[in-house]
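Residue numbers (the UniProt record's numbering): 1 to 281. First comes the structure, then the notes that go with it.
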Amino acid sequence: MRVRPFAVVALCASVVLGAQEDSSPADDRDLPLDPERTFSLDTDEGTWISVDVSPDGDTVVFDLLGDLYTMPLTGGEAVSLTEGMPYDNQPRYSPDGSEVVFVSDRDGSENLWLIDIASKETRQLTNGSTKSYESPEWLPDGNYVVAATAENMAVRGDARNPKLWMWHVDGGTGVQIIKEPGSRRITGPTPTPDGRHIWFAQRTNLWQYNAILPQYQLAVYDRETGEQYTRSSRYGSAFRPTVSPDGVWLVYGTRHEEHTGLRLRELATGEERWLAYPVTR
């Protein structure tokens with residue numbers, strides 16, 4: 001896999017001794033910033049990569065070091081979808097495969113963006129300046145995107161716990177689907193093929209160092225009734241649910257002993273088995 005050049009900004013700092021005032025000019029450059037130098041990297045592996053498969057099953061899109069790439073599912077050379085200074089991540093194909101939604105800081109703050117696969121033209125979906133966004137996913141009709149969002153790390157309290165939001169692809173301020181309780185942290189939303197239910201992982205206890213298990217459990221939201229139900233009780237936690245395209249199966253991650261594994265659940269019966277154990281992200 002050949003990765004195209006990445007951009008790096010050289011950060012400069014001035015130190016003024018004593019009481020002398022800093023006379024260096026303020027940096028008032030507009031976004032996007034221009035790189036001061038570039039470097040090339042050839043690699044065939046990466047870590048902490050978010051991957052999605054195109055609806056036709058032929059191509060994967062993934063993030064690596066802040067850029068997005070596409071590559072044949074069977075392997076081959078990666079082709080850059082985005083490049084440059086912005087940090088782009090968490091790409092997801094639209095149901096028709098023509099667009100990708102992703103998280104980016106290209107406007108100076110973290111937001112959701114859309115990119116057209118054919119033209120590589122981007123457009124901004126959200127316009128926040130103090131929020132973080134996690135795990136964007138398309139609803140099956142292709143008209144809406146759901147994601148978990150919260151105030152960024154500079155904000156304290158319950159506002160930092162992501163909640164489930166939904167935005168129309170044509171724009172708007174979005175709609176908060178799940179609000180309460182404030183202490184609940186939501187991540188990894190994934191809709192069912194009929195669009196009625198949205199699965200996600202939730203944590204109600206506060207974050208802490210050396211936290212004991214369990215942490216996250218699966219839950220599902222019914223878009224027609226507004227009801228929410230907890231759907232797991234594993235000691236090793238349950239996270240990152242994914243529903244199969246036919247709506248028959250659910251796959252999720254869990255901890256068992258010292259490893260992480262994938263559990264496969266038949267939604268009609270609730271019966272489960274190990275799909276893969278152990279695995280790494």
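Glycine included, C-beta positions come from ideal geometry on N, C-alpha and C.
(request) Could you check which residue in GLU77, LEU33, ALA238 and VAL103 has the C-alpha nearest to that of ASP67? (result) Here residue 67 refers to the residue found at position 67 of the sequence shown. Taking only the C-alpha atoms, the option nearest ASP67 is VAL103.
(request) Using a threshold of 9 Å, state whether the C-beta atoms of residue 325 and VAL101 are closer than that. (result) Because the chain spans 1 through 281 in this model, residue 325 falls outside it and cannot be assessed.
(request) Give me the Cα-Cα distance between THR70 and HIS256, rounded to the nearest whole angstrom. (result) As a working mapping, residue 70 is identified with position 70 in the sequence shown. As a working mapping, residue 256 is identified with position 256 in the sequence shown. Looking at the two C-alpha atoms, the distance is approximately 33 Å.
(request) Quick one: grab the DSSP three-state call for SER50. (result) Indexing the sequence shown from 1 puts residue 50 at position 50. In this structure, SER50 counts as coil in the three-state DSSP scheme.
(request) Please work out which residues of its chain come closer than 7 Å, Cβ to Cβ, to ASP116, disregarding the five sequence neighbours upstream and downstream, and give them in chain order. (result) Within the sequence shown, residue 116 is the residue found at index 116, counting from 1. Answer for ASP116: SER98 and GLU99, listed in chain order.
(message) Less than 6 Å between C-beta atoms, sequence neighbours within five positions excluded: which residues of the same chain meet that for THR126?
(response) Locating residue 126 in the sequence shown gives position 126, counting from the first residue. Here the set comprises ASN111 and LEU112.
(message) Assuming the contact rule is C-beta atoms closer than 8 Å, SER50 and PHE62 should be a hit. Round their C-beta distance to whole Å, please.
(response) On the sequence shown, position 50 is the one that residue 50 refers to. On the sequence shown, position 62 is the one that residue 62 refers to. Confirmed, about 6 Å.
(message) Helix, strand or coil for ARG223? Go by DSSP, reduced to three states.
(response) By 1-based counting over the sequence shown, the position of residue 223 is 223. Of the three classes helix, strand and coil, the one that applies to ARG223 here is coil, per DSSP.
(request) Spatial neighbours of ASP56 within its chain, please: CB distance less than 7 Å, with the 5 preceding and 5 following residues excluded, ordered by chain position. (result) Stepping through the sequence shown from its first residue, residue 56 is reached at position 56. Answer for ASP56: GLY97, listed in chain order.
(message) So ALA148 and PRO189 are supposed to be a Cβ contact under 8 Å. How far apart are they, rounded?
(response) Indexing the sequence shown from 1 puts residue 148 at position 148. Indexing the sequence shown from 1 puts residue 189 at position 189. Their Cβ separation, rounded to whole angstroms, is 6 Å, which keeps ALA148 and PRO189 in contact under 8 Å.
(message) Looking at the strands, I want to know which residues DSSP matches up with GLY253.
(response) Residue 253 sits at position 253 when you count from the first residue of the sequence shown. DSSP, once it has assigned bridges, lists PHE239 and LEU262 as partnering GLY253.
(message) Please classify GLN217 as buried or exposed, where buried requires at least 16 neighbouring CB atoms within 10 angstroms.
(response) Within the sequence shown, residue 217 is the residue found at index 217, counting from 1. With 16 or more other Cβ atoms within 10 Å, it is buried.
(message) Distance check for HIS259 and TYR209, CA to CA, integer angstroms please.
(response) The residue labelled residue 209 in the question sits at position 209 within the sequence shown. The residue labelled residue 259 in the question sits at position 259 within the sequence shown. Those two C-alpha atoms are separated by around 19 Å.
(message) So within the region 119–207, which uninterrupted beta strand (DSSP E) runs reach at least 3 residues, ignoring any that extend past its ends?
(response) 122–124, 131–138, 144–151, 163–168, 185–191 and 197–203
(message) For LEU31 and GLY108, which I take to be in contact (beta-carbon distance under 8 Å), what is that distance rounded to the nearest angstrom?
(response) Locating residue 31 in the sequence shown gives position 31, where the first residue counts as 1. Locating residue 108 in the sequence shown gives position 108, where the first residue counts as 1. That belief holds up - the Cβ atoms of LEU31 and GLY108 are roughly 5 Å apart, short of 8 Å.
(request) Return the CA-CA distance between residue 282 and LEU264, expressed in angstroms with no decimal places. (result) Here the chain has residues from 1 to 281 only, and residue 282 is not among them.
(message) Tell me which residue opens and which closes the beta strand (DSSP E) that MET71 is part of.
(response) Position 71 of the sequence shown, counted from the first residue, corresponds to residue 71. First-last of the beta strand (DSSP E) with MET71: 67–72.
(request) Kindly list the residues whose CB is nearer than 7 Å to the CB of ALA238, restricted to its own chain and excluding five residues on each side of it in sequence; keep chain order. (result) Working through the sequence shown from its first residue, we reach residue 238 at position 238. Excluding residues within five positions, the ones whose Cβ falls inside 7 Å are ALA201, TYR216, GLN217, LEU218, SER232, TYR252 and THR254.
(request) Would you list the residues sitting across from ASP63 in a DSSP beta bridge? (result) Here the question's residue 63 lines up with position 63 in the sequence shown. In the DSSP output, where bridge partners are listed per residue, ASP63 has LEU68.
(request) Closer than 7 Å by C-beta to SER135: which residues in its own chain qualify, once you throw out the five before and the five after it? Chain order, please. (result) The sequence position of residue 135 within the sequence shown is 135, counting from 1. Within the same chain, SER135 has close Cβ partners GLN90, ALA147, ALA148, THR187, GLY188 and PRO189.
(message) Measuring straight from C-alpha to C-alpha, what distance separates ALA118 and ALA276?
(response) Locating residue 118 in the sequence shown gives position 118, where the first residue counts as 1. Locating residue 276 in the sequence shown gives position 276, where the first residue counts as 1. If you take the alpha carbons of ALA118 and ALA276, they lie about 35 Å apart.
(request) Compute the Euclidean distance between the alpha carbons of PRO191 and TRP165, then round it to the nearest angstrom. (result) Locating residue 191 in the sequence shown gives position 191, where the first residue counts as 1. Locating residue 165 in the sequence shown gives position 165, where the first residue counts as 1. Distance between the alpha carbons of PRO191 and TRP165 is about 13 Å.
(message) Cutting at 8 Å between CB atoms, please list the residues of its own chain near ASP141, excluding the five before and the five after it.
(response) As a working mapping, residue 141 is identified with position 141 in the sequence shown. Closer than 8 Å at Cβ, skipping near neighbours: PRO95 and GLY195.
(request) Could you pull the start and end residues of the beta strand (DSSP E) that ASP116 belongs to? (result) As a position in the sequence shown, residue 116 is number 116, starting the count at 1. Here the beta strand (DSSP E) through ASP116 covers 111–116.
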